[in-house]
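Q: Chains as they are written, first to last, in this note's numbering: chain A, 10 to 119; chain B, 60 to 135.
Backbone N, C-alpha and C fix where the C-beta goes; we use that ideal spot for every residue, glycine too.
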Amino acid sequence: MTDTATLESIRNTVESHDVVLYMKGTPLFPQCGFSSLVSRVLQHMGVEYHSVNVLEDMDVREGIKVYSDWPTIPQLYVKGEFIGGCDIVKEMYETGELKAFFDEKGIEAA
Amino acid sequence: MPMAADDIARLIRDALPDAHVEIEDLAGDGDHYRATVISPAFAGLPRVKQHQLVYNALGTRMGGELHALALITRTP
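1) Return no unless some Cβ of chain A is closer than 9 Å to the Cβ of I97(B).
2) According to a CB-to-CB cut-off of less than 7 Å, which residues of the segment 90-118 of chain A neighbour chain B?
3) Output needed for F122(A): all residues of its chain with C-beta closer than 6 Å, excluding positions within five of it in sequence on either side, in chain order.
4) For K33(A), would you say it is in contact with chain B, using Cβ-to-Cβ distances shorter than 9 Å as the test?
5) For Q52(A), report the span of its alpha helix (DSSP H) as first-last.
6) Could you run through the segment 58-83 of chain A and flag, in chain order, every residue whose CB is less than 9 Å away from some CB of chain B?
7) Return the CA-CA distance between A78(B) and V96(B), expressed in angstroms with no decimal places.
8) Can you check whether the CB of L16(A) is closer than 9 Å to the CB of V75(A)?
9) To the nearest angstrom, report how far apart E113(A) and L130(B) are at their CA atoms.
10) How is V56(A) classed by DSSP in three states: helix, strand or coil?
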């Protein structure tokens, strides 16, 4: 069960950083191909982001799925807004939408 | 337990009856799939909402017995 304290702490995290990636593992040592792909997209675009390794906290690992009503990890948040998982980030990157989106949000991206 | 491709397609069609659903078994292991779902129900919805409609159709299986499902959603 996910308690309100966990959801509150997630809200606090996604609202205190412009770009937050919930992932399995870390950008340096990703432990899942999908998480790895999203973190590499962000790195490639030169976007500064805060990452949260859900494997280190079972409450966050389950809580983040409730928070966004999204069943899988990774999950990307920009300015507190849930953007999507691996498929959506990949598609937005390939179509150039992701760059346009970061520009619109005033986040530096190449 | 992995899921059969037909079961995935059936669950999606149950929730989105007018959808065209294609399932590919990416690794041939019954565990890594790609679903392409084309439905008029997606019209005007952002991608996150489109994918949520499909995830909701799969319920708790997604992220559980269904480990990896790459998802592409389109309108007809």
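A: Taking the structure as given:
1) By 1-based counting over the second sequence, the position of residue 97(B) is 38. With 9 Å as the cut-off, I97(B) does not count as an interface residue toward chain A.
2) F91, G93, D96 and I97
3) Residue 122(A) is absent from the structure shown; chain A starts at 10 and stops at 119.
4) As a first step, residue 33(A) is located in the first sequence; it is residue number 24 there, counting from the start. No - not a single Cβ of chain B is within 9 Å of the one on K33(A).
5) If you number the first sequence from 1, residue 52(A) lands on position 43. Residues G42 to H53.
6) K74, S77, D78, W79, P80, T81 and I82
7) Locating residue 78(B) in the second sequence gives position 19, where the first residue counts as 1. Locating residue 96(B) in the second sequence gives position 37, where the first residue counts as 1. Straight-line measurement puts the Cα of V96(B) at about 6 Å from the Cα of A78(B).
8) Locating residue 75(A) in the first sequence gives position 66, where the first residue counts as 1. Locating residue 16(A) in the first sequence gives position 7, where the first residue counts as 1. In contact: V75(A) and L16(A) (Cβ atoms closer than 9 Å).
9) The sequence position of residue 113(A) within the first sequence is 104, counting from 1. The sequence position of residue 130(B) within the second sequence is 71, counting from 1. Roughly 26 Å between the two C-alpha positions.
10) For the purposes of this step, residue 56(A) is identified with residue 47 of the first sequence, where counting begins at 1. Note: V56(A) maps to coil in three-state DSSP.
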